[in-house]
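Enquirer: Take the sequence shown: its letters are residues 525 to 986, numbered as in the working numbering.
Glycine is no exception: its CB is placed at the ideal position from the N, C-alpha and C atoms.
This is the structure, below, for whatever I ask next.
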Amino acid sequence: MTDEAPNDFHPAMPAREEHLLPIWRMFFGEPSKNALVGWPSFAFEKPYWFRRVITLRMHLVSDPEAIGQVLLHNVANYPKPPLVKRMLSNLAGEGLLTSDGEAWREQRRLMAPVFAPGALAHFMPLFAQVAKARADRWTPGQIDVAAEATRTTAEVISRALFSDELALTTREASEHMHAALAAVGEYRLGVLVGAPWLDRSPVARRGEIVRKFILARLTEFIARRQADPDPPHDFMTRLLQAFGNGRSPQAAAKLALDNAVTFYIAGHETTANALTWSLYLMSQDQAVQDRAAAEAHAALAGGVDPEDISPRLPYLRMVLEEAMRLYPPVTRIDRVAAADDELCGHHIRKGDMVSIWPWVVHRHTRLWDRPDLFDPEHFSPEAKAGRHRFQYIPFGAGTRVCIGAQFALAEGVLILAHWLARFRFSPAPGHDVFPTADVAIRPRGGLPLMVSLRETGLMAAR
Ligand code: HEM
């Protein structure tokens with residue numbers, strides 16, 4: 525790691541409080557809208573602390589050993605909270621994200637080959653194609669990188685799932701899906717504050733209409749796919765194959781549907797946010813950006829087969845990993861204790877909530893050198909070698925670690941390579957970047973950046 529910060533750039537973050545805010549502040553003003561606001565400094569210094577939120581007993585754990593205990597070694601004692609399942613299940617059914625126990629175990633086993641490295645190589649040309657097509661639309665000037673990244677990853681995941689099925693891969697289809705997801709957010713609010721009438725808000729009503737529409741379209745599509753003697757090699761075909769053995773076609777179709785929606789939900793906003801924050805950080809540190817762009821240019825020169833390209837982009841991968849350290853796309857991972865336990869020497873009662881915040885763990889003063897600064901050298905091979913395996917957890921950890929992690933990393937690196945080889949990204953004058961989060965972390969009001977053509981870019985990325 526370098527001794528000095530590369531420049532005096534301090535990545536945007538909310539101010540820390542000297543003391544813990546009173547509970548009522550969590551329900552009013554900025555902390556009620558932005559989960560990153562209102563954190564006390566000591567949260568980033570202590571391995572463990574406890575907070576009672578009305579009747580909820582919450583243990584906030586940042587010690588890597590204890591994180592390992594919750595997510596791996598004693599995982600049977602820490603299931604996901606039922607709230608998460610209730611929120612998502614009317615969209616994602618009983619898919620991998622929302623199922624538990626034997627149903628989850630069997631799906632995870634059957635889906636492992638779908639995400640094996642060999643199977644993922646097949647998607648590399650798709651990543652490159654979608655990234656290039658998006659950049660073809662840009663002209664020098666200001667663009668909203670957050671919106672562009674979301675459109676790109678939505679197109680990637682829908683085409684990885686459904687190939688060229690127009691009813692499911694157009695911008696309109698992706699807008700429908702976003703509307704259905706927005707309704708999930710409303711539902712959560714209703715459940716949390718005990719106000720179920722919120723579920724009948726206009727957002728929730730529209731969400732319900734589009735949810736039915738999407739599920740009907742998907743059901744028709746899957747039936748056609750099951751009858752296709754020569755289907756394309758996309759996720760849908762692989763899911764139908766994985767679930768086909770020993771099940772009725774209807775049962776296989778239902779599981780494939782639930783998981784298609786699950787991949788869509790889990791797999792594109794997250795990756796889009798990782799891209800967005802990577803570009804924000806590099807826009808502020810042109811030396812890092814130039815180095816990443818030179819690497820991308822060299823890797824892409826000569827029209828190398830996209831399947832072989834990831835190993836040629838080690839620095840870009842360090843940048844992406846650093847961006848997910850500072851701005852973890854999933855800010856919190858919650859579990860509920862099924863039985864009494866002990867974490868960091870503290871008693872955990874059955875029913876208590878254990879909350880692990882990558883947002884906090886990744887900026888913890890005991891775990892990281894200069895934790896709030898941007899330095900891709902945090903991910904040099906030497907730095908990684910000396911690290912606890914549970915101190916960097918953007919994809920979670922243990923048995924329920926993100927199944928799409930390798931897909932997301934390959935996608936993120938390849939998209940960034942194509943964009944950086946062609947364009948320079950610089951801050952937009954007059955725009956202050958500020959992170960905001962519910963579970964996902966995004967820049968408030970989008971991320972306007974200035975793009976300009978790199979001189980070497982046109983040859984490199986076409
Ligand atoms: C940068 C991108 C991504 C990030 C940061 C991310 C993060 C996460 C995290 C933190 C979890 C664990 C949640 C928990 O334990 O409570 C998770 C689970 C999951 N992710 Fe991702 N994810 C990303 C991309 C993807 C992609 C591309 C897909 C699919 C194509 C995907 C599918 C899933 C699924 C299905 C699960 C549930 C796994 C299980 O419970 O067995 N994710 N993800």
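What does the alpha-carbon distance come out to for the pair tryptophan 943 and glycine 826?
Expert: Within the sequence shown, numbered from 1, the residue matching residue 943 stands at position 419. Within the sequence shown, numbered from 1, the residue matching residue 826 stands at position 302. Distance between the alpha carbons of tryptophan 943 and glycine 826: 17 Å.
Enquirer: Considering only their Cβ atoms, is the gap separating alanine 678 from histidine 597 smaller than 7 Å?
Expert: Residue 597 sits at position 73 when you count from the first residue of the sequence shown. Residue 678 sits at position 154 when you count from the first residue of the sequence shown. In this structure, alanine 678 does not lie closer than 7 Å to histidine 597 by Cβ.
Enquirer: Does glutamine 666 pass the burial test, meaning 16 or more other C-beta atoms within 10 Å, or should it be called exposed?
Expert: Against the sequence shown, residue 666 aligns to sequence position 142. Exposed.
Enquirer: Thinking tyrosine 804 and proline 967 are a contact (beta carbons under 8 Å), I'd like their distance in whole angstroms, please.
Expert: Position 280 of the sequence shown, counted from the start, is the residue given in the question as residue 804. Position 443 of the sequence shown, counted from the start, is the residue given in the question as residue 967. Yes, tyrosine 804 and proline 967 are in contact; Cβ-Cβ is about 7 Å, under 8 Å.
Enquirer: Tell me whether leucine 620, by its Cβ, gets closer than 6 Å to a heavy atom of the ligand HEM.
Expert: The residue labelled residue 620 in the question sits at position 96 within the sequence shown. Indeed, a heavy atom of the ligand HEM lies less than 6 Å from the Cβ.
Enquirer: Tell me, which residues are paired with threonine 960 by DSSP?
Expert: Here residue 960 refers to the residue found at position 436 when the sequence shown is read from its first residue. Answer is Arg966, bridged to threonine 960.
Enquirer: On the DSSP letters alone, give me the boundaries of the beta strand (DSSP E) that aspartate 858 sits inside.
Expert: Numbered from 1 along the sequence shown, position 334 holds the residue referred to as residue 858. Segment 857-860, the beta strand (DSSP E) holding aspartate 858.
Enquirer: What separation, rounded to the nearest whole angstrom, lies between the Cα atoms of threonine 526 and aspartate 587?
Expert: Sequence index remark: in the sequence shown, residue 526 carries index 2 (1-based). Sequence index remark: in the sequence shown, residue 587 carries index 63 (1-based). Below a pLDDT of 50, predicted positions are generally treated as unreliable, and threonine 526, at 47, falls in that range; the measurement from the model is reported next regardless. Answer to the nearest angstrom: the Cα atoms are 26 Å apart.
Enquirer: Starting from the N-terminal side, write out each stretch of the alpha helix (DSSP H) that is 4 residues or longer and does not extend beyond the segment 896-936.
Expert: Runs of the alpha helix (DSSP H) inside the segment 896-936: 905-909.
Enquirer: Tell me whether glycine 617, by its Cβ, gets closer than 6 Å to a heavy atom of the ligand HEM.
Expert: Stepping through the sequence shown from its first residue, residue 617 is reached at position 93. Incorrect: glycine 617 has no Cβ contact closer than 6 Å to the ligand HEM.
Enquirer: Does the Cβ of alanine 784 lie closer than 6 Å to at least one heavy atom of the ligand HEM?
Expert: Locating residue 784 in the sequence shown gives position 260, where the first residue counts as 1. Outside the cutoff, so no.
Enquirer: Hey, quick one: how far does the beta strand (DSSP E) through methionine 877 stretch, first residue to last?
Expert: Residue mapping note: residue 877 aligns to position 353 of the sequence shown, counting from 1. Segment 877-880, the beta strand (DSSP E) holding methionine 877.
Enquirer: Count the other CB atoms, across all protein chains shown, that sit within 10 Å of the CB of glutamate 554; report buried if there are 16 or more and exposed otherwise.
Expert: Taking the first residue of the sequence shown as position 1, residue 554 is located at position 30. Looking at its Cβ environment, which holds fewer than 16 other Cβ atoms inside 10 Å, glutamate 554 is exposed.
Enquirer: Tell me which same chain residues have a C-beta within less than 7 Å of the C-beta of isoleucine 939, skipping the five on either side of it?
Expert: For the purposes of this step, residue 939 is taken as the residue at position 415 of the sequence shown. Correct list, in chain order: Phe651, Ala655, Thr676, Leu799.
Enquirer: So the candidates are Phe914, Gly592, Gly625; which of them puts its Cα closest to the Cα of proline 603?
Expert: Indexing the sequence shown from 1 puts residue 603 at position 79. Among Phe914, Gly592, Gly625, the Cα nearest to that of proline 603 belongs to Gly625.
Enquirer: Methionine 806 and valine 860 look like a contact to me (Cβ under 8 Å); what is the Cβ gap, rounded to whole Å?
Expert: Working through the sequence shown from its first residue, we reach residue 806 at position 282. Working through the sequence shown from its first residue, we reach residue 860 at position 336. The pair is not a contact, with the Cβ atoms about 39 Å apart (cut-off 8 Å).
Enquirer: By Cβ distance, which residues of its chain are closer than 8 Å to arginine 683, with the 5 residues on each side in sequence left out?
Expert: In the sequence shown, residue 683 corresponds to position 159, counting from 1. Same-chain partners within the cutoff: Leu650, Val654, Thr693, Asp758.
Enquirer: Leaving out five residues on either side along the sequence, give the residues of the same chain with a beta carbon under 8 Å from the beta carbon of aspartate 956.
Expert: On the sequence shown, position 432 is the one that residue 956 refers to. Here the set comprises Ala536.
Enquirer: Since leucine 544 contacts valine 785 with CB under 8 Å, what's their CB separation in whole angstroms?
Expert: On the sequence shown, position 20 is the one that residue 544 refers to. On the sequence shown, position 261 is the one that residue 785 refers to. Rounded, the Cβ-Cβ distance is 38 Å, inconsistent with contact.
Enquirer: Let's see if you can read the secondary structure: which residues bound the beta strand (DSSP E) around methionine 611?
Expert: Numbered from 1 along the sequence shown, position 87 holds the residue referred to as residue 611. Where methionine 611 is concerned, there is no enclosing beta strand (DSSP E), although the alpha helix (DSSP H) it sits in stretches over 606-616.
Enquirer: Could you tell me whether the Cβ atoms of histidine 760 and phenylalanine 686 are closer together than 7 Å?
Expert: Here residue 760 refers to the residue found at position 236 when the sequence shown is read from its first residue. Here residue 686 refers to the residue found at position 162 when the sequence shown is read from its first residue. Checking the sequence, you will find methionine at residue 760 rather than histidine. Yes, these two residues count as a Cβ contact at 7 Å.
Enquirer: Among Ala964, Phe947, Asp962, which residue has its Cα nearest to the Cα of alanine 659?
Expert: On the sequence shown, residue 659 is found 135 positions in, with the first residue counted as 1. Nearest C-alpha to alanine 659: Phe947.
Enquirer: Taking the alpha helix (DSSP H) that tryptophan 628 falls in, what are its first and last residues?
Expert: Taking the first residue of the sequence shown as 1, we reach residue 628 at position 104. Unbroken alpha helix (DSSP H) run through tryptophan 628: 625-635.
Enquirer: Kindly indicate which residue of Asn783, Ala952, Leu824, Ile833 has the alpha-carbon position closest to the one of isoleucine 927.
Expert: The residue you call residue 927 lines up with position 403 of the sequence shown. Nearest option by C-alpha distance: Asn783.
Enquirer: Alanine 780: beta carbon under 6 Å from a heavy atom of the ligand HEM?
Expert: The residue given as residue 780 occupies position 256 in the sequence shown. No - the ligand HEM has no heavy atom lying nearer than 6 Å to the Cβ of alanine 780.
Enquirer: So what does DSSP say about aspartate 893, is it helix, strand or coil?
Expert: As a working note, residue 893 is residue 369 in the sequence shown. Residue state, collapsed to three classes: coil.
Enquirer: Give the straight-line distance between the Cα atoms of isoleucine 880 and arginine 856, rounded to the nearest whole angstrom.
Expert: Locating residue 880 in the sequence shown gives position 356, counting from the first residue. Locating residue 856 in the sequence shown gives position 332, counting from the first residue. So the two alpha carbons sit approximately 6 Å from each other.
Enquirer: Applying the 10 Å Cβ sphere with the 16-neighbour rule, what's the burial state of valine 925?
Expert: Within the sequence shown, residue 925 is the residue found at index 401, counting from 1. Exposed, by the Cβ-count rule.
Enquirer: Give me the Cα-Cα distance between arginine 540 and glycine 768, rounded to the nearest whole angstrom.
Expert: As a position in the sequence shown, residue 540 is number 16, starting the count at 1. As a position in the sequence shown, residue 768 is number 244, starting the count at 1. The alpha-carbon atoms of arginine 540 and glycine 768 are separated by roughly 52 Å.
Enquirer: Less than 6 Å between the CB of arginine 924 and some heavy atom of the ligand HEM, yes or no?
Expert: Along the sequence shown, read from residue 1 onward, the residue named residue 924 stands at position 400. Because some heavy atom of the ligand HEM lies under 6 Å away, the Cβ of arginine 924 counts as near it: yes.
Enquirer: Do threonine 795 and glycine 936 have their C-beta atoms within less than 7 Å of each other?
Expert: One-based indexing of the sequence shown puts residue 795 at position 271. One-based indexing of the sequence shown puts residue 936 at position 412. In contact: threonine 795 and glycine 936 (Cβ atoms closer than 7 Å).
Enquirer: Phenylalanine 914: buried (16+ other C-beta within 10 angstroms of its C-beta) or exposed?
Expert: The residue labelled residue 914 in the question sits at position 390 within the sequence shown. It is buried - the Cβ of phenylalanine 914 has at least 16 other Cβ atoms within 10 Å.
Enquirer: State the CB to CB distance for the pair leucine 764 and alanine 776, rounded to an integer number of angstroms; the pair is presumed to be in contact (CB under 8 Å).
Expert: As a position in the sequence shown, residue 764 is number 240, starting the count at 1. As a position in the sequence shown, residue 776 is number 252, starting the count at 1. Leucine 764 to alanine 776, Cβ: 6 Å. Contact.
Enquirer: If you follow the beta strand (DSSP E) that tryptophan 573 is part of, which residue opens it and which one closes it?
Expert: Along the sequence shown, one-based indexing puts residue 573 at 49. It spans 572-577 - the beta strand (DSSP E) in which tryptophan 573 sits, taken as one unbroken run.
Enquirer: Considering Cα atoms alone, identify which of His886, Asp858, Ala657, Ala728 is closest to proline 898.
Expert: For the purposes of this step, residue 898 is taken as residue 374 along the sequence shown, with counting starting at 1. Residue identity differs from the one stated: residue 898 is phenylalanine in this sequence, not proline. Looking at the Cα atoms, His886 is the closest of the given residues.
Enquirer: Mind checking which residues open and close the alpha helix (DSSP H) that includes valine 812?
Expert: As a working note, residue 812 is residue 288 in the sequence shown. Note, valine 812: alpha helix (DSSP H), 810-824.
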